[in-house]
Structures are given as structure tokens and as C-alpha cells.
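Residue numbers for the sequence shown follow the working numbering, beginning at 2 and rising by one. One structure below.
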Amino acid sequence: MELIKRLTDCEEIFWINRGYVSCGAAGQPNGEQIVDIDEAEARLLRFAPFIERVFPEVEGGIIESPLTEIKNFGNTIGYPFRGRLFLKQDSHLPISGSVKARGGIYEVLKLAETLAVKEGLLKRDPVTGEHESYAMLAEPRMREFFSNYKVAVGSTGNLGLSIGIISAAIGFKVTVHMSADARQWKKDMLRDKGVTVVEYPDDYEAAVAQGRREAEADPACHFVDDENSKDLFAGYSVAGKRMAKQLRDMGITVDGKHRLYVYLPCGVGGAPGGVTYGIKEYFGDNAYCFFAEPTHAPCMALGLITGRLNEISVGDIGIDGKTEADGLAVGRPSRLVAKAMQTRLTGCFTVDDGKLYPYLTALNDAEGIFIEPSACAGFEGLKHVSGYEGSEFPAPDENSVHIFWATGGSMVPEKEKLSFMNR
Ligand SMILES: *Cc1c(COP(=O)(O)O)cnc(C)c1O
2 MELIKRLTDC EEIFWINRGY VSCGAAGQPN GEQIVDIDEA EARLLRFAPF
52 IERVFPEVEG GIIESPLTEI KNFGNTIGYP FRGRLFLKQD SHLPISGSVK
102 ARGGIYEVLK LAETLAVKEG LLKRDPVTGE HESYAMLAEP RMREFFSNYK
152 VAVGSTGNLG LSIGIISAAI GFKVTVHMSA DARQWKKDML RDKGVTVVEY
202 PDDYEAAVAQ GRREAEADPA CHFVDDENSK DLFAGYSVAG KRMAKQLRDM
252 GITVDGKHRL YVYLPCGVGG APGGVTYGIK EYFGDNAYCF FAEPTHAPCM
302 ALGLITGRLN EISVGDIGID GKTEADGLAV GRPSRLVAKA MQTRLTGCFT
352 VDDGKLYPYL TALNDAEGIF IEPSACAGFE GLKHVSGYEG SEFPAPDENS
402 VHIFWATGGS MVPEKEKLSF MNR
């Protein structure tokens, strides 16, 4: 197959998913519910008083990011396109500065709630049935209770950062298993916060496997499973609901005549998959979601194109998985997500690493917004979508809105930012 040959040669591809299933103006294809978005959002609301107490910089205790129009950046794009351009700045989510502040933090909060409720430490009012304020979870006696439990995760960097920071803030003992390509500053920052960081010479898959083995041997340890977790997925999916409100508040309509095109950088798939699920719930067929991957680590594209999902890895077709986009350096996709995307994703494309730094600099120069190389992978989607002449999805027009999901960057140290821009 022509596309597989191109993937094997690390050439860029643009693939349209013929397995897409219509879900109408809102909702999931075939009515298939994977997670309950409202339940996840309600949980995050319950935790707002706790977040506000422990992280006073988080306004109202709600971890959310701006949706910003990037007109000036649009002027730097050297080809014709139609519609307005927006950046969803998950790069600037509070606490951990990446999209992982959605799923990762959600999963650890849910664990803390489950443990506290099970031990009868979170009281409910017998009359109203309401929980006492979750701010009590920050009290020293609760930290002591949580210190009896462990959290472990395998990560290329940003998930480890999110899980490490929130677990340490709650009081859990936390270990982050990091792959070789993780940046040094992320390891340093975690160790600074009292997180145990274990480093692996191998790739991400090996770090995850080792983390999983160690956690399984210990009943007091919760393993955050980036390859299978529905809790992570649920945390990410809330983004769709919140963004629907942001668009409404900005007076932007999404319907059959005002289409939404969304470009999401993909690693193992959890973040872009959960967000896509959330977007489908509110915008249905009027939203067209595309995943972006590096040409050297196109695991989701490979899994979807071959239909083998997580049963094939980029190593199986001779690709090394090495990329400057460290958040996307993943050789095998999540099965949960790959399956969910078979009916929900409009398409995938791959991007040469060499294009990431020019985008990074152009965005910084035009808008004064810094995002990390991984987060720049989505920009190339506009070119593919604008140049597409087939009939599988409608071409963007003047009423269209394009959203680039900026997945990380605000916590990158100044020195590192400068070295990225000099590339
Ligand atoms: C994790 C991450 C992604 C992709 O998320 P997955 O859940 O691994 O697909 C994209 N960009 C950045 C910066 C990330 O940290």
C-alpha cells in the first residue's frame, strides 16, 4: 500500500479515514458512550476548592486555558486558506503547562476522592447529601493519610510532570518512570518537588512496562496507564464541553454552515483522543478532527491505516521513533483510543521535524506565544486541509474556524526556549 510505503520512508502523509461514522449535529457515533463527560466535569468542580487552596494561582480552582485568535500568525502563512485561526492554549494550562494537566490531574484527583470516600474521611451532609468542601483534603491529617498510598506512571515527560506535581501536592508517594528522550529540566523539576524519578535508556514503551510491573507488585500503588486509562480519557474529554462554552461566549457559531477544523498533536493518543471524543459530544459532524504525528513516530496513523491498532508498532516497519517532538515520541498507540478514533477521526497527517522550529518561531514572533516543538505539529494540518480536493470532507470556507491544539510549552525554561528558537 502506497501510504505504508511512505510511512516506512518517513515521508509526510495525509490520510483520510474512510471508517468515519456520522454522529449528527452532536453526540457519539452509534451512540457509543466511552466516558461520562458531565460526571468528570462535576468531579473537577468538587475539587475546585482544593485546587484553589493548594495552587492559589489557579483562578477559581478551575484548570482551563484560553482560546485565542491568531490573526497575525495567519498573515505569516505562505499559502491561501479560508476561515479564522485559533490557538487552544493548553500550553498555558496552570499547574503543569501542558494538555496533561487535564487527564493526568483528573485521574489523580479521582484516586484521592475514591480513597477518602472509602475511608469515610469526606463527610456528606445527611440532609442535603452534599459533600463537605474538598478544601479539607489539603489538611495535614489528610496528607498523612494519602502518604500511605503510591502513584506510579511511565512518561516521555509531560504526563510525568502533571502526575508528579499533583500527586506530591496531595501527599501521595509518587514515582515517575521516564524514557531516555525526556528533557533534563523536567526530571530536575520533579526531583525538586520530592518525586522519585527513574530513568530508562530505552524508549517510552519500556519505561511504561517497567512502571506497570513495579506497581502491579504493590497493592497500595496506583499505576496511571497512559495506554489504557479511561480516567485520563475522561479528564481530557471535558475540554470539549468547556470549549463549546468558550466559543459560545465569543459569539462563534458552529453548525452545518460554520464548520470547525481541529488539529491535535498525537503521541499515544490519550490527550487528542479524549479531546476529540469531547468535541464530538458537542459539535458532532460539524467538527473535523485531525491528528498530527512526527514522520519518525506515526504510531496512530500506522495503527489506523493498517487496522491493526496497537498490534503494530513503528519499529515493525523499521522506523526508529526518534523525534525532536519529545511529547510525541511513541511507537505504539493506545488501543482504547485507536479503537475510539476508528469512527470519530476525520484523518491523520505526519510532519517532518524540520518544520516544527519554523512554526515555533513564527508563532512566537507573530503572537508572542511560546509553545514547545511537539505542540507545533498541528499547524501543518491547515495546509493539508486547505489543499484537499476530494469529497470525503467539505473544504473550509470563510465561515470556518480552525483550532490548533497547543499541547505544551509554558513551563519550558527560558534557556531552553532560546535554544529552540535558534534552531
Ligand atoms: C502528551 C503530549 C501530546 C500527546 O498526547 P498523547 O496523549 O500522548 O497522545 C502532545 N503534545 C505534548 C506537548 C504532549 O506533552
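Where is the CB? At the ideal position from N, CA and C, for every residue including glycine.
Query                                                                                                                                                                   : Result
So what does DSSP say about L88, is it helix, strand or coil?                                                                                                           : strand
Return the Cβ separation of I370 and G409 in integer angstroms, given the expectation that the two are a contact with Cβ distance under 8 Å.                            : Between G409 and I370 the Cβ distance is about 12 Å, and since that is not below 8 Å, they are no contact.
State the Cα-Cα distance for the pair A27 and P397, rounded to the nearest angstrom.                                                                                    : 20 Å
Under 9 Å between the Cβ atoms of F405 and Y278?                                                                                                                        : no
How close, in whole Å, do the beta carbons of V177 and G161 come, if the pair is a contact with beta carbons under 8 Å?                                                 : 4 Å
Does at least one heavy atom of ligand 1 sit under 8 Å from the Cβ of V352?                                                                                             : no
In terms of DSSP beta bridges, what is L261 paired with?                                                                                                                : A288, V402
Which of helix, strand or coil does DSSP assign to D189?                                                                                                                : helix
I want to check one thing, is the minimum distance from the CB of C290 to the heavy atoms of ligand 1 below 8 Å?                                                        : no
Distance check for P266 and I164, CA to CA, integer angstroms please.                                                                                                   : 20 Å
Between which two residues does the alpha helix (DSSP H) holding V209 run?                                                                                              : 205-217
Note down, in chain order, each residue of its chain lying with its Cβ closer than 8 Å to the Cβ of Y201, except the 5 sequence neighbours on either side.              : H178, M179, S180, A181, A207, A208, Q211
Excluding the five sequence neighbours on either side, which residues of its own chain have a C-beta within less than 7 Å of the C-beta of C377, listed in chain order? : L357, Y360, L361
Whole angstroms is fine: what's the gap from S335's alpha carbon to V128's?                                                                                             : 44 Å
Looking only at DSSP bridge pairs, what is T324 linked to?                                                                                                              : BP columns for T324 are empty, so no partner.
Helix or strand or just coil, what does DSSP make of L248?                                                                                                              : helix
Nearest-angstrom Cα distance between N311 and E131?                                                                                                                     : 42 Å
Leaving out five residues before and five after R85 in sequence, what residues of the same chain have Cβ atoms less than 6 Å from its Cβ?                               : V402
Going by beta-carbon coordinates alone, are G328 and T157 separated by less than 9 Å?                                                                                   : yes
Checking 9 Å against the spacing of the C-beta atoms, do I171 and L138 come in under that value?                                                                        : yes
Identify which residue in L8, T9, F15, R7 has its Cα closest to the Cα of E390.                                                                                         : F15
I want to check one thing, is the minimum distance from the CB of C267 to the heavy atoms of ligand 1 below 8 Å?                                                        : yes
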